[in-house]
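Structure first, commentary second.
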Amino acid sequence: MKSLVFNPFSGAAGDMILGCVFDLGADREAVKELIEASAPVSVDIREVVKKGIKALDVRINVPEKEHVRTYPEIVDLVKAAKLPSKTEASALDIFLKMAEAEAAVHGQPDLEKLHFHEVGQSDALADVIGSSAAIHSLNCDSVHCTPISVGSGTIECAHGTLPVPAPATLEILRRGKLYFRGGSVNKELLTPTGAAILAHFAKPVDTFPQGRVIAIGYGAGDAELQGPNVLQGVLLEPDSHLIPDIIEVLETNADDVSGEVLGNLFEELLSMGARDVAIIPATMKKGRPAHIIKVIAKPEDSAKLARKIIVETGSLGVRVMPARHRLMAARNIERIKIELEGQEFETAIKIARDSEGVLLNISAEFEDCKKIAKISGIPVREVMHRAEEVARNLFS
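Last residue of the sequence shown: 510 (the numbering used here), numbering continuous.
Below you can see the structure in the form of structure tokens.
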């Protein structure tokens, strides 16, 4: 099993991601041919040295003048490129992330009318398609990203002078829940394209996951900075068959709280980002009936979840267990089609594997199966069983 870790200590852009993944071993010629067949560009790849670090510099050569493309035009270009299915799906989602961020910032709810400026140019199209194809070609089981350096100051763009990070970039970071930091570099280090690619592929981590290094790659940025302007990527072999994750456990005892309040709190905590919530009946001193509220959370969510518990229950405090590692199966969601009594339906399936790809569990998505059950009249338990049976045949 392999994990890919991006370490953007000097930010990230589409061409930096592409160079980094090429340096890690992605098939340069195959991806280069795919890019040049998909967009009106040519691609040059060369080795450079950035402040003492050898890196790959990817140059996307574009026509001098291009018209401003709309989001639907970008979607049509991606679909017309006849890309491999995984590459196409990734490219479409990356552009959707950029479109939704731009729409949120500019107050334009209709994506059909949204105009891309810098991110609608052919070089961005090449960066997104190329990075998607290259990352998929590494066949990694998981992708992670350490906190991203975004730079500081202001930038000039089609909308005038904007702060760093640019509003659309910041919105992508928010939606992708990626960690980032500023710094003393008076420059934009993270572009919207770079942010969207990382948001699509990577899960945020504070530090490198534990494992053995398989390969190291560096993708070069354009600017000359005080330090090396490169994106570092590392292929790791985890030292466990399960994936490490960092969590905190929040806990408090609550008495004199009704079941209705606890039920509402349960739903509120999950909607706020809790990984899991358990409410356990307990007996406190003097025989008082009570409940233990236990929440599993990411460290960055602990404070807001603890406050919510205190506000809703009147508790005087919440215990936060020291950050600990847990080991979990690698999980992904696939959509499958099933046939029931002559009708075809689609449902999501959760698939869990260990780091060597061994199938551990398959679970049908309950909400999808419930909808199918209502339409078909078949008991939901039977729908779930049938979906899991089909999935096992497909993914075992």
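All C-beta atoms in this analysis are idealised placements derived from N, C-alpha and C, irrespective of residue type, glycine included.
Because the structure is a prediction, the values reported are computed rather than measured.
From VAL497 to ASN507, what distance separates their C-alpha atoms?
-> Between VAL497 and ASN507, the alpha-carbon positions lie close to 16 Å from each other.
Leaving out the 5 sequence neighbours to the left and right, which residues in its chain are closer than 6 Å to SER246 when beta-carbon positions are compared?
-> Within the same chain, SER246 has close Cβ partners THR201, SER204 and ALA205.
So the beta strand (DSSP E) ILE410 belongs to, where does it begin and stop?
-> Per DSSP, ILE410 belongs to the beta strand (DSSP E) from 403-411.
Rounded to whole angstroms, what's the CA-CA distance from ALA404 to ALA411? Just pull it up for me.
-> Spanning the two alpha carbons is a distance of roughly 23 Å.
List the whole-angstrom C-beta distance separating PHE136 from VAL176, where the pair is believed to meet the contact cut-off of C-beta under 8 Å.
-> Not confirmed; about 19 Å, so no contact.
With a CB to CB cut of under 8 Å and the five nearest residues on each side skipped, what residues in its chain are close to GLY166?
-> Once the five neighbours on either side are set aside, the close Cβ partners of GLY166 are PRO342.
Does the distance from the CB of LYS418 to the CB of ALA392 come in under 8 Å?
-> Between LYS418 and ALA392, the C-beta gap is not smaller than 8 Å, which leaves the two residues out of contact.
Rounded separation between ILE243 and MET398 - CA only = Straight-line Cα distance between these residues: approximately 59 Å.
Coil, strand or helix - GLU180 by DSSP | Here GLU180 sits in coil by DSSP.
Quick one: residues in its chain with C-beta nearer than 6 Å to the C-beta of GLU351, no 5 flanking neighbours on either side, listed in chain order?
-> Correct list, in chain order: GLY325, ARG326 and ILE328.
In chain order, which alpha helix (DSSP H) runs of at least 4 residues are fully inside the region 297-377?
-> As far as the region 297-377 is concerned, its whole alpha helix (DSSP H) runs of at least 4 residues are 306-315.
For ILE208, I'd like the list of residues in its chain whose CB is within less than 6 Å of its CB, leaving aside the five on either flank, ordered along the chain.
-> Closer than 6 Å at Cβ, skipping near neighbours: VAL242, ALA310, ILE311 and HIS314.
Inspect the beta-carbon positions of GLY347 and LEU148 and report whether they are closer than 8 Å.
-> Annotated as distal: GLY347 and LEU148, with beta-carbon spacing of 8 Å or more.
Output the boundary residues of the alpha helix (DSSP H) element that contains ALA501.
-> 494-509 is the extent of the alpha helix (DSSP H) around ALA501.
How close, in whole Å, do the beta carbons of VAL157 and LYS146 come, if the pair is a contact with beta carbons under 8 Å?
-> At roughly 5 Å, the Cβ-Cβ gap stays under 8 Å, so VAL157 and LYS146 are in contact.
For ARG421, which of helix, strand or coil comes out of DSSP?
-> Note: ARG421 maps to helix in three-state DSSP.
Alpha-carbon to alpha-carbon, ASN378 and ILE447 | For ILE447 and ASN378, the gap between their C-alpha atoms comes out near 28 Å.
So, helix, strand or coil for PRO281, using DSSP?
-> Three-state result, PRO281: helix.
Is ARG467 near GLU460, with beta carbons less than 8 Å apart?
-> Between ARG467 and GLU460, the C-beta spacing is not below 8 Å.
Quick one: using the 10 Å Cβ neighbour count with 16 as the cut-off for buried, is ASP129 buried or exposed?
-> By the neighbour-count rule (16 or more Cβ atoms within 10 Å), ASP129 is buried.
Close beta carbons around VAL257, own chain, < 8 Å, minus the five adjacent residues each side = A distance below 8 Å between beta-carbons, with the five flanking residues on each side excluded, links VAL257 to the following residues of its chain, in chain order: SER117, LEU118, VAL119, PHE120, ILE249, PHE315, ALA316 and LYS317.
Of all the beta strand (DSSP E) runs that stay within the bounds of the region 133-166, which reach a length of 3 or more residues?
-> Entirely contained in the region 133-166, the beta strand (DSSP E) runs reaching 3 residues are, in chain order, 156-164.
So LYS464 is in the beta strand (DSSP E); what residue range does that whole segment cover?
-> 457-467 is the extent of the beta strand (DSSP E) around LYS464.
Cβ pair ALA478, GLU502 closer than 8 Å = Yes. Within cutoff.
DSSP-derived helix/strand/coil call for ASP255 = Here ASP255 carries a coil assignment [DSSP, helix/strand/coil].
Using alpha carbons as the reference points, say which of CYS483, LYS168, ALA505 and ILE489 lies closest to ARG495.
-> The shortest Cα separation from ARG495 among CYS483, LYS168, ALA505 and ILE489 belongs to CYS483.
Can you tell me which of the three DSSP states VAL67 falls into?
-> Because the chain in this structure spans residues 115 to 510, residue 67 falls outside the shown range and cannot be described.
On a CA-only basis, which of ILE406, ILE262, ILE188 and ALA218 is nearest ALA308? Give me that one, please.
-> According to the sequence provided, residue 308 is Gly. The question's Ala does not apply to it. Comparing Cα-Cα distances from GLY308 to each of ILE406, ILE262, ILE188 and ALA218, the minimum goes to ILE262.
Going by the beta-carbon positions, is the gap between ARG142 and ILE159 smaller than 8 Å?
-> In this structure, ILE159 lies closer than 8 Å to ARG142 by Cβ.
Spatial distance of VAL434 from LEU239 (CA atoms) = Rounded to whole angstroms, VAL434 to LEU239 spans 45 Å at the Cα level.
Are the beta-carbon atoms of GLU302 and ALA334 separated by less than 8 Å?
-> Going by C-beta atoms, GLU302 is not nearer than 8 Å to ALA334.
Backbone CA spacing between LYS291 and LYS464 [nearest angstrom] = When rounded, the distance between both Cα atoms is 21 Å.
Could you give the distance in angstroms between the alpha-carbon of SER416 and the alpha-carbon of LEU364?
-> Their backbone Cα atoms lie some 7 Å apart in a straight line.
Closest to ALA218 by CA distance: which of ALA337, GLU285, THR275 and ILE394 is it?
-> Nearest Cα to ALA218 within the set ALA337, GLU285, THR275 and ILE394: GLU285.
Straight-line Cα distance separating VAL319 from CYS259 | Cα to Cα, the separation comes out at about 6 Å.
For LEU197, which of helix, strand or coil comes out of DSSP?
-> Three-state result, LEU197: coil.
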